[in-house]
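Below: the structure, in structure tokens.
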Amino acid sequence: QAAMDAATDKMAELYRGEKPQPGLSELGTHGAGVVIADYCHDRNRTDDDYQRALTATLEALGDLWTERGIGEVERNRMTDEVMDTSLRRWFALTGRVVAG
Numbered sequence: 001q002a003a004m005d006a007a008t009d010k011m012a013e014l015y016r017g018e019k020p021q022p023g024l025s026e027l028g029t030h031g032a033g034v035v036i037a038d039y040c041h042d043r044n045r046t047d048d049d050y051q052r053a054l055t056a057t058l059e060a061l062g063d064l065w066t067e068r069g070i071g072e073v074e075r076n077r078m079t080d081e082v083m084d085t086s087l088r089r090w091f092a093l094t095g096r097v098v099a100g
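Note that the sequence shown covers residues 1 to 100 in full-length UniProt numbering.
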């Protein structure tokens, strides 16, 4: 719980005082990736803001998954899924072509 609280505080700072949507860690990897991109796009964030939010979220989820006893190989796979889904969504929302 302490790891998630710390991550939520870090994300709230990045989100300029707003608390991120509750239950982010319960959405699954694809859902979490979409939420990050949608959140930043809905608030007209820059690419840099989005990158910081994605990084902070991935760190928070990694800490949470470690706390839950998920092994390194699985954590890496889950991190890749969140990142891939989020980047594809962000690029689509910002009008960029996504190949593959």
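Ideal placement from N, C-alpha and C gives every residue a C-beta, glycine not left out.
Check	Outcome
Going by Cα to Cα distance, which pick from Phe91, Leu64, Gly28, Thr29 is closest to Gln51?	Phe91
Taking Met78 and Leu54 to be in contact with their CB atoms under 8 Å, please state how far apart those CB atoms are, rounded to whole angstroms.	Going by Cβ atoms, the distance from Met78 to Leu54 rounds to 14 Å, so no, they are not a contact pair.
With 16 other CB atoms within 10 Å as the buried threshold, where does Thr85 fall?	buried
Is Gly28 helix, strand or coil when you go by DSSP?	helix
With H, G and I counted as helix, E and B as strand and the rest as coil, what does DSSP make of Arg89?	helix
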